[in-house]
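Here's the structure we're looking at; comments come further down.
Residue numbers (full-length UniProt numbering): 1 to 303.
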């Protein structure tokens, strides 16, 4: 009887050790996104400009009512700590995939060095990784007119952010800004000159941001553009990282028509996954009931 009791105690001790080890492993194991390679992305953008006019519950309701599971790109503000975003990310992630943008392009220059930029991403990952599927390690990073930092510094920041996120198991994305060729800011040439081949070969997603209203309504040949982008990022999924009808004279009809044009784009390359991430989606589409722009996007997702 004594020996039997000893064996039971030893068994319980071993079980406790295995449970403890399992909990520890689980604690440090990186969270894996359920978004698979080449899976189509149906994106919308959520920034911070809606706080005083819209309820989080209404945003969640609009996301939940979409005909496919969307990916919500959440653009974070520098003056808000990652910890303060936990509640929002948690609620959004219940009904959508999430792409976190810890640093918007217009706030890039506020991070004066690599250390501060990397810390923003490590802090964000620490608090938000359980609710984030993709990490945008840089937004419109070739936008030197508003970033106003040397390319070498910008690229060093990107490399540091990539290292922090990828080493922790996160999926990474990088977004570039496309412009009317007459402005002589060649996005593809900038990428080739500044983004190291090693980084280009490892990114999970490479996106393009484009606003017709800022480019005299210029219509790029997207087949050519995305084919060339794919050649520069052979292992990445590619797509649109931002779009929207932001002109002062934009109407519900013009927004609906533009949204349809983007969300119904064809599969330009083998690894093209869509994206789009309509800017001001909250302002344009929430509340979603009887909302013509919301309905235009949703119908486009079912084409």
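Backbone N, C-alpha and C fix where the C-beta goes; we use that ideal spot for every residue, glycine too.
Checking the sheet assignment: what are the DSSP bridge partners for residue i?
i           : result
residue 175 : 207
residue 240 : 208, 275
residue 135 : 100, 172
Excluding the five sequence neighbours on either side, which residues of its own chain have a C-beta within less than 7 Å of the C-beta of residue i, listed in chain order?
i           : result
residue 216 : 180
residue 260 : 296, 300
residue 298 : 66, 67
residue 226 : 238, 268, 269, 272
residue 118 : 160, 161, 164
residue 146 : 105, 106
residue 189 : none
residue 177 : 140, 142, 143, 187, 209
residue 114 : 156, 157, 160
residue 185 : 179
residue 39  : 273
residue 192 : 232
residue 228 : 188
residue 148 : 109
residue 256 : 292, 293, 296
Between the alpha carbons of residue i and residue j, how many angstroms are there, rounded?
i           : j           : result
residue 274 : residue 150 : 31 Å
residue 43  : residue 109 : 26 Å
residue 23  : residue 126 : The predicted model places residue 23 with a pLDDT of 42, which falls under 50 and marks its position as unreliable, so this point remains unresolved.
residue 249 : residue 203 : 37 Å
residue 252 : residue 208 : 24 Å
residue 121 : residue 87  : 18 Å
residue 214 : residue 104 : 18 Å
residue 236 : residue 266 : 17 Å
residue 21  : residue 287 : Confidence at residue 21 is low in this model, with a pLDDT of 41, below 50, so its placement is unreliable and the value that follows should be read with caution. Spanning the two alpha carbons is a distance of roughly 47 Å.
residue 102 : residue 77  : 7 Å
residue 92  : residue 302 : 22 Å
residue 211 : residue 138 : 18 Å
residue 198 : residue 233 : 10 Å
residue 240 : residue 254 : 19 Å
residue 283 : residue 247 : 14 Å
residue 41  : residue 152 : 31 Å
residue 116 : residue 223 : 38 Å
residue 25  : residue 37  : The predicted model places residue 25 with a pLDDT of 39, which falls under 50 and marks its position as unreliable; any figure quoted below should be read in that light. Taking the straight line from one Cα to the other gives about 26 Å.
residue 194 : residue 220 : 23 Å
residue 242 : residue 285 : 16 Å
Which residues in the same chain as residue i place their Cβ atom closer than 6 Å to its Cβ, once the five residues preceding and following it in sequence are excluded?
i           : result
residue 154 : 141
residue 49  : none
residue 134 : 99, 171, 173
residue 35  : 97, 133
residue 28  : Unreliable placement is indicated for residue 28, whose pLDDT of 38 sits below 50; the coordinate value is still reported in the next sentence. If we look at residue 28 and ignore the five residues flanking it on each side, it has no Cβ neighbours.
What first and last residue would you give for the alpha helix (DSSP H) that runs through residue i?
i           : result
residue 195 : Residue 195 -> no alpha helix (DSSP H), and no H or E assigned at all.
residue 127 : 114-128
residue 223 : 222-232
residue 94  : Residue 94 -> no alpha helix (DSSP H), and no H or E assigned at all.
residue 64  : 56-64
residue 158 : 151-167
residue 284 : 281-285
residue 294 : 292-301
residue 50  : Note, residue 50: premise wrong, no alpha helix (DSSP H); not H, not E.
residue 144 : 144-147
Beta strand (DSSP E) containing residue i: first to last residue?
i           : result
residue 42  : 41-46
residue 73  : 71-75
residue 250 : Segment: none, residue 250 is in no beta strand (DSSP E) and carries neither H nor E.
Is there a Cβ of chain E sitting closer than 8 Å to that of residue i, yes or no?
i           : result
residue 234 : The structure shown contains no chain E; it is built from a single protein chain.
Are residue i and residue j closer than 8 Å when you measure CB to CB?
i           : j           : result
residue 47  : residue 68  : no
residue 238 : residue 201 : no
residue 289 : residue 244 : no
residue 72  : residue 63  : yes
residue 294 : residue 276 : no
residue 82  : residue 124 : yes
residue 183 : residue 128 : no
residue 45  : residue 278 : yes
residue 89  : residue 131 : yes
residue 80  : residue 136 : no
Between residue i and the rest of its own chain, which residues show a CB-CB distance below 8 Å, the 5 nearest in sequence each way excluded?
i           : result
residue 166 : 172, 202
residue 60  : 91, 92, 94, 95
Just checking residue i against the ligand GTP - is the residue's beta carbon closer than 7 Å to any of the ligand's heavy atoms?
i           : result
residue 139 : Although the ligand GTP was asked about, the structure shown includes no ligands whatsoever.
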